[in-house]
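Numbering (our numbering), first residue to last: 172 to 374.
Quick reminder that beta carbons are idealized off the backbone N, C-alpha and C, glycines included.
Written out below as structure tokens is the structure these notes cover.
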């Protein structure tokens with residue numbers, strides 16, 4: 172879909188962050204609406220058409236995870252993107268299980284979130300969220316060693332390299348090497364991409 176075919180709704184309780192992101196997207200040709208709270212957004216969400224949601228994970232009135240779970244019943248057609256801090260990754264994975272189509276780790280480049288918006292907008296056009304089939308993903312999984320499968324499971328669970336190294340009794344550097352191998356063998360462009368594939372085949 173073209174940028175003028177849909178509206179990006181930004182839900183973030185931090186005024187400066189909300190306005191800064193909104194300004195950047197507007198400059199890049201997107202139609203944007205800002206919402207200071209998840210509760211306020213849920214009041215208008217059922218009546219929205221051709222909308223993409225960007226929500227922060229941690230908000231005082233309702234978390235990004237709670238918002239996405241709520242949308243699944245009141246406005247299931249709205250694709251959502253979660254913005255998250257490093258410590259929120261397990262919650263972000265839960266959000267993807269609840270229906271979010273992507274999560275973006277802070278801090279992020281403008282191009283990263285723009286790409287995520289375009290992927291989300293594909294859902295509005297009834298396009299597949301991803302072009303990789305489950306069989307393709309299973310084939311890639313089969314190419315992983317037992318250790319790489321362990322690393323994959325830990326990474327998707329949101330564990331940092333140091334925690335993975337401690338739990339597996341290996342060095343952080345070894346974790347980095349295995350993690351890079353996993354990304355290469357799975358043909359994952361990013362951590363959200365890896366999580367998306369893993370969820371598709373139930374890893």
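query                                                                                                     : result
CB-CB length for residue 205 against residue 193, believed under 8 Å                                      : 5 Å
Buried versus exposed, by CB contacts within 10 Å (16 or more), residue 177                               : buried
Neighbourhood of residue 184 by C-beta, 8 Å cutoff - its chain only, sequence neighbours within 5 removed : 207, 208, 227, 230, 231 and 232
Segments assigned alpha helix (DSSP H), at least 4 residues, entirely inside the segment 172-212          : 186-198
Residue 369 versus residue 327 - alpha carbon distance                                                    : 8 Å
The segment 281-298 contacting the segment 309-319, beta-carbon criterion three pairs below 8 Å           : no
Cβ pair residue 223, residue 288 closer than 8 Å                                                          : yes
Coarse secondary structure for residue 359, derived from DSSP in three states                             : coil
Reference residue 270; option with closest CA among 238, 259, 281 and 255                                 : 238
Cβ-based burial, residue 340 [other Cβ within 10 Å; buried from 16]                                       : exposed
Inter-residue spacing [alpha-carbon to alpha-carbon] between residue 255 and residue 318                  : 28 Å
Pick from 364, 304 and 240 that is closest to residue 323, judged by C-alpha positions                    : 364
C-alpha gap between residue 253 and residue 234, whole angstroms                                          : 10 Å
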